[in-house]
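Numbering-wise, full-length UniProt numbering puts 130 at position 130 of the sequence shown, and it's gapless, one number per residue.
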Amino acid sequence: MPKSEDPYFHLPSDFDTPNTVERNGVNDNQLQAIDISARMHEDPQDRLHLILGPPGTGKTRTIASIVSNLISNHLFEGRKILVCAPSNSACDVLSCRILHSLSQKQRDEHTLIRIGSQPPSDDLLSSNFLSFLVLEEIFSILQADRNTKTVKLSKLQEKILNKAKVIVSTLNNCASSRLSPLVGKVDFVIIDEASQSLMADCFIPNRFKCAKVILVGDPMQLPPTVLSEAGRDYGLNRSLYEHIHQTLKDYHRITTLNVQYRMHSTICSFPNDFFYDNTLKTDSSVDEATRNMNLCHIYYYNTAFRETKEYDRRNQNDDCIKNGGRIKNDGEAEFVKQLYDNIYTSMPSSNQRSTSTTNRPFTIVLTNNSGLM
1 MPKSEDPYFH LPSDFDTPNT VERNGVNDNQ LQAIDISARM HEDPQDRLHL
51 ILGPPGTGKT RTIASIVSNL ISNHLFEGRK ILVCAPSNSA CDVLSCRILH
101 SLSQKQRDEH TLIRIGSQPP SDDLLSSNFL SFLVLEEIFS ILQADRNTKT
151 VKLSKLQEKI LNKAKVIVST LNNCASSRLS PLVGKVDFVI IDEASQSLMA
201 DCFIPNRFKC AKVILVGDPM QLPPTVLSEA GRDYGLNRSL YEHIHQTLKD
251 YHRITTLNVQ YRMHSTICSF PNDFFYDNTL KTDSSVDEAT RNMNLCHIYY
301 YNTAFRETKE YDRRNQNDDC IKNGGRIKND GEAEFVKQLY DNIYTSMPSS
351 NQRSTSTTNR PFTIVLTNNS GLM
């Protein structure tokens, strides 16, 4: 049974990140995570590492860079890297980022295979989708010999998987019999959004007898969703990431990404103070991008509903309208629209405008606002 005192849970006191990895736009902590992954490959006792990434710190980019570095340096000849996430959408994002980090030759050789039970959200991923590649193989066989009557799908799948170096799959799909050919061939497992994944799901990739595991997440963000009260009683709403993080947080086996690229420093100040002990830094490019926007500060606007019987009785005829047991607020929707219009027209470039978005927490809000935006 591994113990926290074991040597592979501690980085050497003189550890430094050498220039063995090209930066390619990554910051110091991202570079350290990339380099540690390469060291893990070389050290048989180095089997586990955690990457902690608050919102907007480039967790997905770091994973893509780790994978690209391992492949580009030919560290995985004949072996495979399995990259997992709890959802198909997260796997599609990971696949796109990793493909973008690979060379054209590596993309053409189907270095990456995406496993899934439903088509990818991005059409560009179709050529890397296992089911699509199996169909291509079948067409090739039929073109070569039109008299062919049977094709063994399992053999075709095994042939395609054997050629791949990177497999991207949801955690649940790792239990699929289609992936049986990978047993004993996976050296590295990287799990993204591990802090939001069920603990049991994170154990599924272990069926491939992997040697190294990197868990990427943030215990300060949403925990796994457990609907069963009995499951919560047994602690299943606590992720494997959180369990290990609690054990290792006082040691050196965690790389923290501390530069965020998503929020203006003013927006970042609250979560930074409340959750991250003011250790989170905002990259200068974020504030620079909004410097020329002609926006006024919004100090406070309370859009919360007071869900009490007294409030409902007194406000039956106001702007808060009940709809099939749900509540919508037309005044709030109009306010959000005006705020969005102000931000949109203040953006100096069309590129910034194309990347703006409005998040809505509930379906009724989405439906209500769709006619306004």
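Where a beta carbon is used, it is the ideal one built from N, C-alpha and C, also for glycine.
For His41, does the count of other Cβ atoms within 10 angstroms reach 16, so buried, or fall short, so exposed?
buried
Paired residues, beta bridge with Phe188 - DSSP:
Ile81 and Lys212
Between Leu112, Ser154, Leu215 and Thr150, which lies nearest to Leu240 when the distance is taken from Cα to Cα?
Leu215
Unbroken beta strand (DSSP E) run spanning Ile113, endpoints:
Note, Ile113: beta strand (DSSP E), Leu112 to Arg114.
Does the distance from the CB of Thr170 to the CB of Asn237 come in under 8 Å?
Result no, Cβ atoms of Thr170 and Asn237 do not sit closer than 8 Å.
Boundaries (first-last residue) of the beta strand (DSSP E) holding Ser169:
Element bounds for Ser169: Val166 to Thr170.
Reference Asn173; option with closest CA among His264, Ala230 and Cys91:
Cys91
Verify whether the separation of the beta carbon atoms of Val186 and Ser95 is less than 8 Å.
no
I'd like the span of the alpha helix (DSSP H) that includes Ile267, first residue to last.
Ser265 to Phe275
Element boundaries [beta strand (DSSP E), containing Thr256]
Ile254 to Thr256
Start-to-end residues for the alpha helix (DSSP H) that takes in residue 433
Past the boundaries of the shown model lies residue 433; the chain is included only from 1 to 373, so the question cannot be answered.
Among the residues of its own chain, which have a CB less than 6 Å from the CB of Cys210, if the five just before and after it don't count?
Val186 and Val189
Distance check for Glu334 and Lys105, CA to CA, integer angstroms please.
Each residue's Cα considered, the two are about 50 Å apart.
Measure the CB-CB distance between Ile115 and Leu130 and report whether it falls below 8 Å.
yes
In the DSSP assignment, what are the bridge partners of Phe129?
Arg114
So is Asn29 buried or exposed if we call it buried at 16+ other beta carbons inside 10 Å?
Looking at its Cβ environment, which holds 16 or more other Cβ atoms inside 10 Å, Asn29 is buried.
Quick one: using the 10 Å Cβ neighbour count with 16 as the cut-off for buried, is Glu193 buried or exposed?
buried
Buried versus exposed call for Ser195 [16 or more other C-beta atoms within 10 Å across all chains shown]:
buried
Assigned exposure category for Asn69 - 16 Cβ within 10 Å defines buried
buried
Is the separation between the beta-carbon of Lys212 and that of Arg47 shorter than 8 Å?
yes
Excluding the five sequence neighbours on either side, which residues of its own chain have a C-beta within less than 8 Å of the C-beta of Thr60, listed in chain order?
Val93, Leu94, Arg97 and Asp192
Three or more C-beta pairs closer than 8 Å, one from the segment 255-262 and one from the segment 276-289: is that the case here?
yes
Would you identify the three-state DSSP class for Val151, choosing helix, strand or coil?
coil
Exposure label - Ile34; buried when at least 16 CB within 10 Å:
buried
Gly184 to Phe208 span [Cα, whole Å]:
5 Å
Cβ neighbour criterion (16 or more within 10 Å) applied to Leu222
exposed
Rounded to the nearest angstrom, what separates Asp16 and Tyr251 at their Cα positions?
Low confidence applies here, because Asp16 scores a pLDDT of 48, under 50, leaving its location unreliable and the question unanswered by this model.
Measuring straight from C-alpha to C-alpha, what distance separates Ala144 and Lys159?
18 Å
Tell me the rounded alpha-carbon separation between Thr62 and Gly56.
12 Å
Give me the residue from Gln118, Leu82 and Pro120 with the minimum Cα distance to Leu111.
Rather than Leu, the amino acid found at residue 111 in this sequence is Thr. Of Gln118, Leu82 and Pro120, the residue nearest in Cα terms is Leu82.
Cβ neighbours of Cys202 in the same chain (closer than 7 Å, five flanking residues each side left out):
Leu171, Ile191, Ala194 and Leu240
Give the secondary structure of Gln32 by DSSP, where H, G and I count as helix, E and B as strand, and everything else as coil.
helix
When the distance is taken between beta carbons, is Asp287 closer than 8 Å to His264?
A Cβ-Cβ contact shorter than 8 Å links His264 with Asp287.
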